[in-house]
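What follows is a short report on a single structure.
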Amino acid sequence: MVNAMRSSLLALGVAVVVCAGNAYAAPPPPGTPDPAASSPGSGAPAWLGVLLHKRAGGVVVTRVVRGSPAQAAGILKDDVIVRVGTAPAREPSEVTRIVASAPAGSTLQVQLTRAGKPMTARAVLGARPSGVEVLRRDHVGVALPSLPGIVPMGSAPPSLAALKGKVVLVDFWALWCGPCRATMPHLAELRRSHRAEGLEVLGITPDDPIKVASFVQRLKADYPQWQDPESEAQASLGVGALPTLFLVDRSGIVRDVLVGVPDEAALEAKVTSLLAEPAPVK
Numbered sequence: 091m092v093n094a095m096r097s098s099l100l101a102l103g104v105a106v107v108v109c110a111g112n113a114y115a116a117p118p119p120p121g122t123p124d125p126a127a128s129s130p131g132s133g134a135p136a137w138l139g140v141l142l143h144k145r146a147g148g149v150v151v152t153r154v155v156r157g158s159p160a161q162a163a164g165i166l167k168d169d170v171i172v173r174v175g176t177a178p179a180r181e182p183s184e185v186t187r188i189v190a191s192a193p194a195g196s197t198l199q200v201q202l203t204r205a206g207k208p209m210t211a212r213a214v215l216g217a218r219p220s221g222v223e224v225l226r227r228d229h230v231g232v233a234l235p236s237l238p239g240i241v242p243m244g245s246a247p248p249s250l251a252a253l254k255g256k257v258v259l260v261d262f263w264a265l266w267c268g269p270c271r272a273t274m275p276h277l278a279e280l281r282r283s284h285r286a287e288g289l290e291v292l293g294i295t296p297d298d299p300i301k302v303a304s305f306v307q308r309l310k311a312d313y314p315q316w317q318d319p320e321s322e323a324q325a326s327l328g329v330g331a332l333p334t335l336f337l338v339d340r341s342g343i344v345r346d347v348l349v350g351v352p353d354e355a356a357l358e359a360k361v362t363s364l365l366a367e368p369a370p371v372k
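Throughout, our numbering is defined as the position within the sequence shown, counted from one, plus 90.
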């Protein structure tokens, strides 16, 4: 699971670190060279913009980032990549390595099958955006999808659909994450201040529900929690850094994605702006 997530997130164009047995990702600090993503003299790291998983006979595309080189080349979800350039694609990590070794602006030939039919796509690789830019490009302006693998804790809502009509802050976090601990009390206070106006905060964590219950009680972070035991929901959205917040409007549309400890005043301003918008017509 960790290695599969590592390869898939790298294919999206984010750098992966492994902590406490789980794979998470974060964009490198500005100006930090990423030797795994660029070749000597290539300039900006290259980017294809797909989420990949291994499958018999090749590597399957499970998501194509909006506005990515892959989308421009006509690569679709469920395509099976069998060869990249002159090399066979047996593992997501091999695709990542080949993309990483090519300079931004170069054209990469991708041989694939679609519904069993052989095809060739030619992708003009772009410069790799930061992790939060990838998330915003992929999710802002579209509905937050149903999340796989989640288990509601306690009285948490059973689904995102149950929160339709509310402004929702979805908080991906983990027990080991220091920035998450710094963020959660503010999210809880934000919820207490604006709940009557229609704000809900929903935490999503891979951690054990008993440990989570004790932790959030100590922290006074008294908002609903979902367990994501296999990190399926996290992986499905391409979340790599913790905390990651999705700000969702009353119609279920993602309006912003924030990575790391947010600026409290700026976040509250965004929330109050969405709360002031009219409720969707039923």
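By construction, the Cβ of each residue, glycine as well, lies at the ideal position given by its N, Cα and C atoms.
Query, Result
"Given Val257 as reference, the closest of Pro296, Ser341, Tyr313 and Cys267 once Cα atoms are compared", "Ser341"
"Residues sharing a beta bridge with Ile294, DSSP", "Phe262 and Trp316"
"Contact under 8 Å by Cβ, Ala146 with Val189", "no"
"Residues near Pro370 by beta carbon distance below 6 Å, same chain, minus five either side", "Arg340 and Ser341"
"Run of the beta strand (DSSP E) containing Arg153, from where it starts to where it stops", "Gly148 to Val154"
"Assigned secondary structure, Gly221 (DSSP; H/G/I helix, E/B strand, else coil)", "helix"
"Short Cβ contact (8 Å threshold) for Ala325 with Pro296", "no"
"Residues bridged to Met209 (per DSSP)", "Leu202"
"Rounded straight-line distance, which links the Cα of Gln201 to that of His229", "27 Å"
"Coarse secondary structure for Gln233, derived from DSSP in three states", "The sequence as given places Ala at residue 233; Gln does not occur at that position. It is a strand residue."
"Assigned secondary structure, Pro159 (DSSP; H/G/I helix, E/B strand, else coil)", "helix"
"Burial state of Met91, where buried means 16 or more other Cβ atoms lie within 10 Å", "Unreliable placement is indicated for Met91, whose pLDDT of 43 sits below 50; the coordinate value is still reported in the next sentence. Exposed, by the Cβ-count rule."
"Sheet register partners of Ile188 (DSSP bridge)", "Answer is none; Ile188 lacks a bridge partner."
"Simplified DSSP assignment, three categories, for Ile343", "strand"
"Beta strand (DSSP E) segment containing Thr334, residue limits", "Thr334 to Val338"
"Spatial neighbours of Leu215 in its chain, beta-carbon cut-off 8 Å, leaving aside the 5 residues before and after", "Ala136, Trp137, Leu138, Pro159, Val189, Ala192, Pro193, Ala194, Gly195, Ser196, Thr197 and Leu198"
"For Gly244 and Ala211, believed in contact at Cβ under 8 Å, the rounded distance", "Not quite, the Cβ-Cβ distance comes to about 47 Å (not below 8 Å), so this is no contact."
"Closest residue to Ala177 among Ala331, Val149 and Val260 (Cα-Cα distance)", "Val149"
"Length of the line joining the Cα atoms of Thr84 and Gly255", "Nothing can be reported for residue 84, as the shown portion of the chain is limited to 91 through 372."
"Candidates Phe262, Ser249, Ala323 and Pro319, of which the one nearest Ala331 by Cα", "Phe262"
"Cβ pair Val347, Leu166 closer than 8 Å", "no"
"Val140 in three-state terms, based on DSSP", "strand"
"Residue interval of the beta strand (DSSP E) (run including Val174)", "Val170 to Val174"
"Local Cβ density within 10 Å of Glu290, reported as buried at 16 or more and exposed below that", "buried"
"Which residues DSSP lists as bridging Thr197, in chain order", "Val214"
"Distance between Arg173 and Leu237 (C-alpha atoms, nearest Å)", "31 Å"
"Chain-order list of residues whose beta-carbon lies under 7 Å from that of Phe375 (same chain, five-residue window excluded)", "Here the chain covers residues 91 to 372 and nothing more, so residue 375 does not appear."
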